[in-house]
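Numbered per the numbering used here, the sequence shown finishes at 1301, counting up by one with no gaps. For every residue, glycine included, the Cβ atom is placed at its ideal position computed from N, Cα and C. Here's the structure, in structure tokens; my notes come after.
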Amino acid sequence: MNSKNLSLPEDFVVVLSIFILALIFILNNFPLLFQQKLFAPYEFLVLFFFVIFVSTFIVFLLYLYPRLNKSNSNVSYSLLENDLALLKSDSKKYFLQLFRLEYSDFDRLNQFNQFFDFLYKSGISMKLIADIYSQPNNHRNFEILILAYEEIQGDIKQEYIPIIKEKFNSFLIASKAYSNFISLTRLEGSSLLSSLNLYFLSKKETTNHNLEEQKNLGKVLASLFLPSPSADFVNGISIASKRKENLRGVILGKQLYKGEFCGELVLPIDSLFKHSVIVGVTGSGKSTTNKQLLKELNKLGFHFLLFDFHDEYDQEFSIFTSSFVFRFLGETSVDFLSPFEMKDFSNHVSIVTDVFNNVYSFSPSQFFVFRDVLSSELAYSKVNKARPTIKGVVDRLESYEPKSFYENETKFSLLRRLKLLSEGEGNKIFAASNLLKINDFLNKNVILKISDIKDSDLRKLTVSLLLALIYEYRLVNGPDNVGHFISLEEAQNFVPFRNRTDEASIYEKMFFEMRKYKESLILIAQFPSQIYPDLFKSCEVKIVHRLFSAGDAALIEDILGIDKNILEQLKSLPVGRALVFLPSNRSPITVQVNEN
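Here's what the structure looks like:
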């Protein structure tokens, strides 16, 4: 049975003794004071309570206040043995050892991550924090510091030390059993102490003079709190990247391990540049996750274009991200036919025709006729320095001379569809007098209220044209210097699941090429199985909220590369919680997404 020895500081004992003696003196002399009427009873009570107040105040100043306002002066670490340190405070004690690994092969970094997985599955019970960072003079060389720590309950006894050292030594043995390339060095003496400064030394004590003085004493003032992990998290092992000064990232939320929060998860920008996908059933937290990503990207200076299908991004979000909200109410529209300056419009005709064909499923003859009248409208506008319009395309189609009965049927079936674009709701989207160019959507944060459009075909056509024109703009003008993000809800309508033998759509081609131009997509859908598998797998960041496997469990397991146990876990995730899949991790990371 554990027991704790209660020991009171000397200053508290002195103050308490004075207080008790004063109280005894007053109580013993109370009858005499009252009989001699030196004090009236009321005045005596006032004096009595005044003494209590002053004494209590002194006790607070000398004892309670320093402990309520804890400072690093009560937390320190020192060497117990040459390779073993002790961190202690008023309430906690930890044994510490540090290991170092240096390497220059980036592929081995991923192998090292797998090593943590090996430790976990081998049943080695250890508390580890691994800090990976690039060396100052050569960013291709990496170094890992691994802090092993164990908390001690009660007093420190000499017989504990060999037991703890044997436990730490099991880590070294496991590293040799796992792979020859993992060659760990156990830090000793001054190297151990100076490296511990990276973890525990508070900022206000980091002056060189103070640090050297503490080193000479063999005892360094420390902060009790372990550093928050800020990158990968593998099976309870935190891999922090806070000292990678050249690495920027997006804070997604707090990592969890066995139900406990254990630091923030930071998604590397380099991974987000290679496309992301967010999936989960309705109400699982997809929009909250998307908002968190976009807010963080905005903080880092990146612009985004957000397609809001369900009117879920309110005024507060637009103000926070300084976003321009574009509504399809007839006052302003997008210049779809002449979105930017171009020397040759033949490629533009091909792209726009492909988009219309994808939305309306043209027959071969409809495809040919539409391409012909679109080319005529653009050629006429270029010669006469006029602006091409959808109405102009419709007018040219009406005057188109069919060469056969079949062509006549083609003409009128096309007219029935295209007239909807120059009348009613289509007129608000395509025929407003105030037109915006594609560049207007790329040089700022923009929220497109697709929820204003009620017709499903018009919705798909509008979004498809914008995506295609952004792609074309990048082909003509080159990549964005900084990087730009596109957040696309209802992604299954644009890159749906298909068999590999089916022909790829224009959207898939755009998706795979966009990243070359630093145009990055954030795809949002309900299920992984709704999206073309090769495309889903190619997204470097996968954020998966709660899923119900509607008969496609095997497909989901294949797409995500998970087993049935993780799939069962996905079925019971609470709102706002997700599993994050990153290429550097064999296992998914559990995270509670930030809501603010």
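Query: Following a CB-centred definition, is VAL1168 positioned closer than 7 Å to any heavy atom of the ligand ZN?; Result: Annotation note on the ligand ZN: not contained in the displayed structure, which lists no ligands.
Query: Would you tell me roughly how many angstroms separate the C-alpha atoms of VAL1285 and ASN1113, rounded to the nearest one?; Result: 54 Å
Query: So VAL1296 and LEU961 are supposed to be a Cβ contact under 8 Å. How far apart are they, rounded?; Result: 7 Å
Query: Compute the Euclidean distance between the alpha carbons of LEU1228 and GLY958, then round it to the nearest angstrom.; Result: 19 Å
Query: Look up ARG1205 in the DSSP assignment and give the residues it is bridged to.; Result: None; ARG1205 has no bridge partner.
Query: Where does the unbroken alpha helix (DSSP H) through LYS1242 begin, and where does it stop?; Result: 1238 to 1243
Query: Inspect the beta-carbon positions of PHE1031 and ILE1152 and report whether they are closer than 8 Å.; Result: yes
Query: Within 10 angstroms of its Cβ, does GLY646 collect 16 or more other Cβ (buried), or is it exposed?; Result: Missing from the structure shown is residue 646; the chain here goes from 706 to 1301 and no further.
Query: Would you kindly work out how many angstroms separate the C-alpha atoms of ASN1062 and PHE1072, rounded to a whole number?; Result: 7 Å
Query: Compare the C-beta of SER1081 against all C-beta atoms of chain B and say whether one is closer than 8 Å.; Result: Any reference to chain B falls outside this structure, which holds one protein chain only.
Query: Could you give the distance in angstroms between the alpha-carbon of PHE1135 and the alpha-carbon of ALA1084?; Result: 19 Å
Query: Evaluate LYS991 with the Cβ neighbour count: other Cβ atoms within 10 Å of its Cβ, from every protein chain shown; 16 or more gives buried, anything less gives exposed.; Result: buried
Query: In chain order, what residues of the same chain have a beta carbon less than 8 Å from the beta carbon of ASP1013, not counting five sequence neighbours either side?; Result: ILE1152, LEU1153, LYS1154, ILE1155, SER1156, GLU1194
Query: So the alpha helix (DSSP H) VAL1296 belongs to, where does it begin and stop?; Result: Not the alpha helix (DSSP H): VAL1296 falls in the beta strand (DSSP E), residues 1294 to 1298.
Query: Got a sec, what are the start and stop residues for the alpha helix (DSSP H) ALA1173 sits in?; Result: 1161 to 1182
Query: Which residue or residues does DSSP assign as beta-bridge partners of PRO973?; Result: GLY954
Query: Can we say the segment 1270 to 1290 touches the segment 1241 to 1255, given the rule of at least three CB pairs closer than 8 Å?; Result: yes
Query: Cα separation between GLN858 and SER1023?; Result: 51 Å
Query: Considering only residues of the same chain and omitting the five flanking positions on each side of ILE861, which have a CB-CB separation below 6 Å?; Result: none
Query: Work out the CA separation of ASN1270 and ILE869 for me, nearest whole Å.; Result: 34 Å
Query: In chain order, what residues of the same chain have a beta carbon less than 6 Å from the beta carbon of ARG891, not counting five sequence neighbours either side?; Result: ASP788, PHE804
Query: Helix, strand or coil: how does DSSP classify HIS1008 here?; Result: strand
Query: Could you pull the start and end residues of the alpha helix (DSSP H) that LEU1083 belongs to?; Result: 1069 to 1089
Query: Which residue spans inside the segment 1261 to 1293 form an unbroken beta strand (DSSP E) run of at least 3?; Result: 1282 to 1286
Query: For GLU1036 and LEU1141, what's the separation of their Cα atoms in angstroms?; Result: 11 Å
Query: Can you give the beta carbon distance from PHE1190 to PHE1007, rounded, assuming they're within the 8 Å contact cut?; Result: 6 Å
Query: Tell me the rounded alpha-carbon separation between LEU1005 and GLN863.; Result: 51 Å
Query: Tell me the rounded alpha-carbon separation between MET1219 and GLU1177.; Result: 10 Å
Query: Just the C-alpha distance for SER928 and SER781, rounded to the nearest angstrom, thanks.; Result: Its pLDDT being 30, under 50, SER928 is placed unreliably by the model, and the measurement read from it follows with that caveat. One C-alpha to the other measures close to 8 Å.
Query: Who pairs with PHE966 in a beta bridge, going by DSSP?; Result: LEU961
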